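One structure below.
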Amino acid sequence: MRFAIDERDAALAEAAAEVLAKQAGAEQIRAGWPGGRAESVDAVWRTLAGVGVTGALVPENAEGNGLGLGLDENALPPLMETLGRSGLPVPAAEVVAVAAPLLAAAGAPQLPAVLRGSALLTVSLTPDAPVPFAARADLIAVPHGDGLRLYTRDEVETDPVDSVDGSRWLARVRVPAGGGLLLAEGPAELAVAYRRGVLATAALLLGLAGRMLELTVAHVRERHQFSVPVGSFQAVKHALADVELAVRFARPAVLAAGWAQAAGDPETAVRTSMAKVLASEAARKAARTAIQCHGAMGYTTEYDLHLYAKRAWALAADWGGPTEHRESIARRLGLAGAADIGSEGAAT
1 MRFAIDERDA
11 ALAEAAAEVL
21 AKQAGAEQIR
31 AGWPGGRAES
41 VDAVWRTLAG
51 VGVTGALVPE
61 NAEGNGLGLG
71 LDENALPPLM
81 ETLGRSGLPV
91 PAAEVVAVAA
101 PLLAAAGAPQ
111 LPAVLRGSAL
121 LTVSLTPDAP
131 VPFAARADLI
141 AVPHGDGLRL
151 YTRDEVETDP
161 VDSVDGSRWL
171 ARVRVPAGGG
181 LLLAEGPAEL
191 AVAYRRGVLA
201 TAALLLGLAG
211 RMLELTVAHV
221 RERHQFSVPV
231 GSFQAVKHAL
241 ADVELAVRFA
251 RPAVLAAGWA
261 QAAGDPETAV
271 RTSMAKVLAS
281 EAARKAARTA
291 IQCHGAMGYT
301 TEYDLHLYAK
311 RAWALAADWG
321 GPTEHRESIA
331 RRLGLAGAAD
341 IGSEGAAT
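Per my numbering, residue 1 is the first one in the sequence shown, and the count goes up by one each step.
And the structure:
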C-alpha cells in the first residue's frame with residue numbers, strides 16, 4: 001500500500017514549519033523549562049494556533065472563530081512530525097489530536113480560547129498518572145468516573161512531578177468529587193481519543209529523531225580526528241545509516257495508522273500500536289547514536305542535543321511505551337508470550 005500526504009494536510013504542515021523556522025529555536029525550548037520565560041513559548045503556540053494548527057481536527061462549522069479546519073487523522077503525521085522536529089515544548093498531541101476535537105463535539109465554551117492558543121489545555125487518558133503540562137495549564141482534562149472531564153486550574157489540585165524532560169511540566173492532578181465538563185465517556189469514545197494521542201505522539205517522535213539525526217550529521221562533517229572528518233569513519237556512517245533506516249521504516253507505519261483511524265479500518269488498534277513502537281524505537285536509537293557520535297560533547301546536558309533527546313525519551317514512554325503496545329499487538333494477534341521481544345526501558 002502506498003501513502004501520499006493530502007495537499008491540505010501538507011499545506012498545514014508547511015505553514016507550521018514556516019512559523020517554527022522563524023520563531024522556534026533552542027532558545028525557545030530552553031524557555032519552556034522551569035526558570036525560563038514560558039511566555040515566549042506560549043507566544044509561538046498562539047502564532048501556530050493562528051495558522052490553524054490547534055483546529056486541525058475540529059469541524060469547520062464548530063464554534064471557535066473559524067479556526068476549525070475539518071481535517072481528519074491523516075493530517076496528524078505530517079503536522080506532528082513538523083512540530084516534533086522543532087522540539088517546541090507545547091502540548092501538541094494533547095490539544096490538536098485529543099482535546100480540541102472533544103471540546104468541539106461537547107460544545108464546550110472553552111473551545112475558542114483553546115483554538116486561539118490563549119488558554120493552555122492539557123489532557124491525559126491514563127487514570128492517576130502524572131499529566132504533562134498540568135503544572136501550568138489553564139485547563140486540564142483527566143479521567144473521572146466513567147468518562148473524561150474538563151476542569152479549570154482553580155478546580156483541581158496539582159503536585160509537580162520530576163521528569164527527564166523538565167519542559168513537560170508534569171504534575172499529578174486531584175479532582176473534586178463532582179463538577180467538570182464531560183468530554184467523552186464509554187470505552188469506544190475513550191479508545192478513539194487515546195489512539196489519536198498515540199498517533200500524534202508517534203509522529204512527534206519521528207520529528208525528534210529526524211532533528212537529532214540532522215544535528216549529528218552536521219557535527220560529524222565538521223568534527224575532525226586524525227585530520228579527517230569523524231563522519232568519514234565507517235563505524236559512524238553505519239550507526240547513522242541505522243538511524244536513518246529506523247526513521248524510514250517507522251514513517252510509513254505512522255502514515256498507515258493515520259489512514260486507518262480516518263478510514264475506520266478494523267486493524268486500527270494494531271496499526272496505531274505498531275506506529276508507536278517503531279517511532280519510539282527510532283527516536284531512542286537516534287538519541288543514543290547522536291550522543292555517542294558527539295563524543296564527550298554529547299554527554300554534556302547543557303548541549304542543545306539533550307533538549308531533543310530528553311523530549312524523545314519522555315515521549316517514547318508517553319501514551320504507552322513500546323512494551324505496552326507490543327503486548328497490545330500480541331493480544332490482538334493471539335501471540336501470547338511474544339510481546340516482550342526487543343523491548344527497551346522507559347522514561348517519564
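Heads up, the beta-carbon is just placed ideally off N, CA and C, and yes, glycines get one too. Model, not experiment: these values are computed from the prediction.
First through last residue of the alpha helix (DSSP H) which encompasses R30: A26 to A31 is the extent of the alpha helix (DSSP H) around R30.
Rounded separation between G161 and A134 - CA only: Note that residue 161 corresponds to Val in the displayed sequence, not to Gly. The alpha-carbon of V161 is positioned some 10 Å away from that of A134.
Distance between K310 and L67 (C-alpha atoms, nearest Å): A direct Cα-to-Cα measurement between L67 and K310 gives close to 32 Å.
Under 8 Å between C-beta atoms of V243 and T289: The Cβ atoms of V243 and T289 sit closer than 8 Å to each other.
Within-8 Å CB hit, K285 to chain C: No chain C appears in the structure shown, which is made up of a single protein chain.
Residues sharing a beta bridge with H144, DSSP: In the DSSP output, where bridge partners are listed per residue, H144 has G147.
Buried versus exposed, by CB contacts within 10 Å (16 or more), P130: Counting C-beta atoms within 10 angstroms of its own C-beta, P130 has 16 or more neighbours from the protein chains shown and is therefore classed as buried.
Residue environment, H219, which counts as buried when at least 16 other CB atoms sit within 10 Å: Looking at its Cβ environment, which holds 16 or more other Cβ atoms inside 10 Å, H219 is buried.
Status (buried if at least 16 other CB within 10 Å, exposed otherwise) for G321: Burial call: buried.
Touching by the beta-carbon criterion (3+ pairs, under 8 Å), the stretch 166-175 and the stretch 27-40: Verdict: yes, contact present.
Any beta strand (DSSP E) of 3 or more consecutive residues that is wholly inside the stretch 76-141: Counting whole runs of 3 or more residues, the stretch 76-141 contains the beta strand (DSSP E) stretches 121-123.
Whole beta strand (DSSP E) elements within the stretch 217-256, 3-residue minimum: For the stretch 217-256, not a single whole beta strand (DSSP E) run of length 3 or above is found.
6 Å CB neighbourhood of G84 in its chain, flanking five on each side removed: In its chain, beyond the 5 residues on either side, L204, G207 and L208 have a beta carbon closer than 6 Å to the beta carbon of G84.
Segment contact flag, the stretch 248-260 with the stretch 189-205, C-beta cutoff 8 Å, min 3 pairs: Taking a cut-off of 8 Å on C-beta distances, the stretch 248-260 touches the stretch 189-205, as three or more cross pairs fall below it.
L57 versus G36: straight-line alpha-carbon distance, rounded: In this model, L57 and G36 are separated by some 31 Å (Cα to Cα).
Integer Cβ distance of P78 from D9, believed to fall under 8 Å: Taking 8 Å as the upper bound for CB-CB distance, P78 and D9 are in contact here, some 6 Å apart.
Spatial distance of L132 from V41 (CA atoms): The sequence given here places Pro at residue 132; Leu does not occur at that position. Their Cα atoms are separated by approximately 15 Å.
Delimiting residues of the beta strand (DSSP E) encompassing P160: Here the beta strand (DSSP E) through P160 covers E157 to P160.
Inter-residue spacing [alpha-carbon to alpha-carbon] between E94 and E222: Taking C-alpha positions only, E94 is separated from E222 by approximately 38 Å.
Cβ neighbour criterion (16 or more within 10 Å) applied to E14: The residue is exposed, with fewer than 16 neighbouring Cβ atoms inside 10 Å.
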